[in-house]
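In terms of this note's numbering, the sequence shown opens at residue 431 and continues consecutively. Report on one structure; see the data block that follows.
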Amino acid sequence: MTNPAPIDDVPVGGEVIRLGQFLKFAGLLDSGGDVKEAIANGEVTVNGEVDRRRGRQLRAGDIVRYEGRMVRVSS
């Protein structure tokens, strides 16, 4: 039985943040081009579901997963 991946809390200092911004802010991806490609390829999930909208509004408590890393939006 494997342990689930740890979830890192990433404070965003506001009410909402866009998915594309959050991926860079949380250090999951380095550039806008990488973000666009990863999202378009369905490699990013929000709360367990693939989301292909870079502009998706994230709120505190949302969990984003990319390449096995999970990060939670916190305010």
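Here a beta-carbon is modelled for each residue, glycine too, at the ideal position from N, C-alpha and C.
- Judged by beta-carbon spacing, Ile469 lies within the 8 Å limit of Gly450, meaning their Cβ atoms are closer than that value.
- Nearest to Gly478 by alpha-carbon distance, out of Ser504, Asp438, Asp439, Met500, is Met500.
- Shown here, Asp438 sits in a strand according to DSSP, grouped into three states.
- With contacts defined by Cβ atoms closer than 8 Å, Arg489 and Val503 form a contacting pair.
- Per the C-alpha coordinates, the member of Val446, Ser505, Lys454 positioned closest to Tyr496 is Lys454.
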